[in-house]
Structures are given as C-alpha cells and as structure tokens.
Amino acid sequence: MISVLDTAGLEPGFANPVFDSQDTFRRVLDAYAYVGRPQTLVSATAAVGPLDPATAAVCLTLADCETPVWLDSRSNLPSVRKYLGFHCGVPFVDSVERSTFAIVANPMTMPRLAEFNPGTELEPQVSTTIVVQVPSLNGGPPVRWRGPGIQREVSVDVDGLASWFWEDWELNHELYPSGVDVLFTSGNAIIALPRSISGEI
Amino acid sequence: MTGPHDNAAGRSFRQPYNFAYLDEQSKRMIRRCILKSMAVPGLQVPFGSREMPLAYGWGTGGIQVTASVIGPNDTLKVIDQGADDATNAVSIRRFFKRVAGIATTEITEAATIIQTRHRVPETPLKEGQIIVYQVPSPEPLRRLEPRDSETRKMHAYAEYGLMSVELYEDIARFGHIATTNSYPVMTNGRYLMSPSPIPKFDNPKIANNPAIQLFGAGREKRIYAVPPYTQVQSLDFEDHPFRVQRWRQCCSLCGATDSYLDEIVMSDKGRRMFVCSDTDYCTTRRNHGHLGPDRGDPADIELLLPSKIATGSESR
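Protein chains in written order, with my numbering: chain V, -13 to 187; chain P, 10 to 325.
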C-alpha cells in the first residue's frame, strides 16, 4: 500500500539527529537513574500540535518502526500522526495494550494503568512505556517516592494527574517486575517513574 | 555545547562510520533495552547484538552499550582487570577515539564513562558517571541449569533455591564459600544477578553506588543494569556471612592496604610481588608520594611498568 506523503505543515525534527537524540537519551537515562529529579532536555525541538517539546523529543529519540505507538484523544491529530510517521516511522495502534509507547497529552482522561500492557513474568520488558504530558512537574499534591535510584525517599509533586493515578500506581507497583513505566513530560523537562518505584501520598 | 558537536559532525563526513560506529536504529534499540533494564534492576533484557569489528568475547557487549550511550562531550576510560594499559583496554579506547573522536583518560575521576573488564575502580565513583561492564556470561544460574528455557522460568518465579544449594555445597566441602569471582548477588531484592566476573572484593562497590552501572553481554545478547542507590546483596548464610578477600601484604609499589592486589612472580627463584590491580589508583598514590615496602625499587618498576618509565604517560 503506497500513500503519497503530504509534507505540508510538517514540523521539523531534530536539527542534528545523531547528537540531539544522543543528548536527549542521556537525559532520559539520568531521569531513570536519579528518579524524581527533573531533567531538562536541551536539544530543542518545536512543540508539535498538542505535544510539548519534551514529549516530541522523547518520541524522536526512542520511537521507530519497531515500537507501536498509541495516541490519546487529545494527541490523536493528523499533525501528530504525520510528524511521528515521517520522523520516526512508527506504526500506530488503536488498542492501548498493544502499544510499546503510549502518548498521553491529557492525563485527566487517560485510560486506567491496568489497560496498558504490563508485560509478563517471563518477559517484563515488553510492557508499555507511557509518556504522560502534564501541565507542570510541580505544584500538585506531594507524593513520597521510594525505590532504586532514590536515596531514602524523595517528594515529587507532579501536577494535573487523575485522582485515581497513585492508587493505580500502587497496583502497578505490586505487579513488579511486570508493570508499566511512566515518563512525565512538561515543557522542556522530564521526570521518570519506573515500575520499581513506590509512591505514597 | 555546539563546539564539540560541530567538530564531531564535521569529522563524521570524513570518516566512513556513523558517530560511535553503530547505526542509529541499532542505538535506539539498545537505548530502549537500557531503559527497560534500568526500570527493572537485575533483569536480563535480550537485545539484538550487532556484529562488531572484533570477536565475541573481546567486550562486544560493553562496546555496544558504550557506543549507544557515548556523546561527543564524554571522556572515556577503559580498564582491563584494573589496568588501563592492557591489550583489550588499549584497543577499545583506540576504537572509540577513532569512531567517535571522544577524549580518553586513565584517571577515574576525570572519566564520564568507564568501560571495564572484570574490575571496579578503587576510587569511589560519583553521580553522573556511567560504568559499563563487559560480561561474558550474564546468567548466574547457567552452571547449575544449562537450559535457557528453565533459567528464564527460575528468574520469572524467583526460584533461586538452587544457588543457595550451590553455595552450601561449597561450605560442606571446603568449610567456607569458595566462590571468589562472579559471586552471585540479589539485586533490588528480586533478581539474582551475576556481577560479571569481578572479584568478590568488588561486590560491595556495586551496592548503593551513586553511578549508573550497565552490563552488556554481546555473545549472549543480554543487557542488564543497576541504577544508582540500589540495594544489591551478595548471597550468604547467617552463620557464613559474606566476606571479601584480604591480603597480609600491601602493594609493593604504593603501599596500599585497601586495594585489590595481583600476585606477580618476579623471578624463577620464586620471588613474588603484590601490586595494585588498579593501575590508576597505584600511580596516583605513588605520585602523591606513597611508597611500598620495596621503596619502589626502580628495577622492579621498570619490569612492571616499562611504558610508564619510557614515555611518562599515555602517548598513544
């Protein structure tokens, strides 16, 4: 099946794909390593429709033809599909549980965490990574995080999450080593929430 | 920030390889595996190990992890059994100099990425550093259960009794746990993990380390990780607690009593010397004026460190 690509209005990706994706990856790696500390992505990308620069940069860095992507209702726009289709070559899926990456631009209406793919005991690594774009990485209700990557504990107050989120997160944490990983993005910054972390309100 | 980028970008036009040798698709695949392994400490994540310009067994796993992580602003240190000047270390350092044009160093503190074969440096690592281990056999249960299908299930259901039996048999036979390298550890209370064949002397350094620890096994196609500040416990028994090896001697060259020592036969009359396995640690101590019991006998130093005497420091 061949479809002619309409490049009108297509936002540019990284100016320098090799070094910008390396730099972004290292900051994502730091976010996974020093959990709870916000990391600023320096390699600039423009916002794409409803996607903040950080969300777009994470997609450009990690997504490709091997990673089915699911878009939530706010991000499921022709401009976003065109952008990710052109720059990353991702296949899009309609069911959340088949996605490797799920892009959530509106965390208030996102599916419950149990609907994403948690992986299996034999293959915990096939689970979904949810990129949750929030209005702000602080200013929300404080939650105490504990786990690998954190000395003792850290208080993180991500804003704009659904009321059930931390309840669901504890259920997700109980599935460990299965379970989903979350990457919070906002503006140019990210905070990672791997499944190994427990959150206590 | 833009300076080194531009330089490296300019260089990539003149040379036939992508930056850091691997193509971008392979790097992305490895990067995704690294993030998964960081999310589940100790889990062996399978990855599509690529063919590298050297044979399996020479650090291809570590090289692929380093290649996916390294950037133009990084400083790389490579050690082979603690030594910066061993064959494997020299050739890997030269490989990255050539395909990534990055700066290299022998000083642990100056490095942002340290690729290692079978040692953890004596100088404590700090936040922001990444240590990449070359792993020959990532599966700690392999000697006990050769079938991969079974060891995967043992990890899935945390069935690790067999390993305790193995350690117990050591005690029954020798009176103590005789395993001295690849000493199995429990990572984050869930996964049994092989710390790669580092001496058990280095096991305590893996626990609660501020640096990111990545493990790459090229032939076995597995990546695993220990994030900073992660609980890592060496297996033991209440009545046979885990102990690291100690030496009666100190380092003959620098007098260190807290480092891992190699025994070196100096003559056919059976004269022996004990010296630090970590060459950077030993050199730094000697530069600070610490001298061992042999008072740094010039003849011995020349025998052990001919390049250091001849050229001063690295000039490759």
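For every residue, glycine included, the Cβ atom is placed at its ideal position computed from N, Cα and C.
| query | result |
| --- | --- |
| Gln34/P, buried or exposed, once every other Cβ within 10 Å from all chains shown has been counted against 16 | exposed |
| Gln73/P - DSSP class collapsed to helix/strand/coil | helix |
| Start-to-end residues for the alpha helix (DSSP H) that takes in Trp131/V | First-last for Trp131/V: Val129 to Arg132, but that is the beta strand (DSSP E), not the alpha helix (DSSP H). |
| Expected contact under 8 Å - CB spacing of Val120/V and Gly146/V to nearest Å | 4 Å |
| Between the CA atoms of Ser46/P and Asn158/V - distance to the nearest angstrom | 17 Å |
| Counterpart residues of Cys285/P in DSSP-defined beta bridges | Leu270/P |
| Chain P contact residues for Leu48/V, given Cβ-Cβ distances below 9 Å | Arg37, Arg40, Arg41 and Leu44 |
| CB contact check: Pro24/V to chain P, cutoff 8 Å | no |
| Residues bridged to Pro55/P [DSSP beta-bridge criterion] | Arg231/P |
| Interface flag, Ser184/V vs chain P, CB-CB below 8 Å | no |
| Secondary structure of Ala91/V, DSSP reduced to three states | coil |
| Alpha helix (DSSP H) segments (min. 4 residues) lying fully within the stretch 134 to 178 of chain V | 151 to 160 |
| Pair within 8 Å by beta-carbon distance, Glu101/V and Val82/V | yes |
| CA nearest to the CA of Glu175/P, picked from Asp289/P, Asn190/P, Arg152/P and Asp32/P | Arg152/P |
| Within 9 Å of chain V by C-beta, residues of the stretch 111 to 141 of chain P in sequence order | Glu136, Gly137 and Ile139 |
| Residues of its chain near Glu148/P, where Cβ-Cβ distance is below 6 Å and the 5 sequence neighbours each way are ignored | Thr160 |
| Where the alpha helix (DSSP H) through Val174/P begins and ends | Gly170 to Phe183 |
| Length of the line joining the Cα atoms of Ile221/P and Glu186/V | 25 Å |
| Three-way DSSP call (helix, strand, coil) for Gln111/V in this model | helix |
| DSSP-derived helix/strand/coil call for His249/P | strand |
| Among Val194/P, Glu178/P, His127/P and Asn82/P, nearest to Phe105/P - alpha-carbon criterion | Asn82/P |
| Nearest-angstrom Cα separation, counted from Gln143/P out to His249/P | 30 Å |
| For Pro54/V, three-class secondary structure by DSSP | coil |
| Beta-carbon spacing of Lys135/P, Pro62/P below 8 Å | no |
| Lys86/P - DSSP class collapsed to helix/strand/coil | strand |
| Chain V contact for Tyr238/P (CB, 8 Å cutoff) | yes |
| Residue from Asn27/P, Thr69/P and Asp32/P whose Cα sits closest to the Cα of Arg231/P | Thr69/P |
| Contact list for Gln34/P against chain V, beta-carbon separation under 9 Å | Asp50, Cys51 and Glu52 |
| Glu131/P, enclosing alpha helix (DSSP H) - first and last residue | Taken as a continuous stretch (DSSP letters only), Glu131/P belongs to no alpha helix (DSSP H), as it is neither H nor E. |
| Same chain only: Cβ atoms within 6 Å of Pro36/V, ignoring 5 sequence neighbours per side | Arg60, Ser61 and Ala91 |
| From Ser286/P, Gln254/P, Ser276/P and Glu247/P, residue whose alpha carbon lies closest to that of Gly264/P | Ser286/P |
| Cβ of Ile186/P within 8 Å of any chain V Cβ | no |
| Cβ of Ala175/V within 8 Å of any chain P Cβ | no |
| Host alpha helix (DSSP H) of Ser46/P (start-end) | Glu33 to Ala48 |
| Meets three-Cβ-pair contact criterion under 8 Å: the stretch 290 to 303 of chain P and the stretch 259 to 274 of chain P | yes |
| Exposed unless 16 or more other CB atoms sit within 10 angstroms - verdict on Pro110/V | buried |
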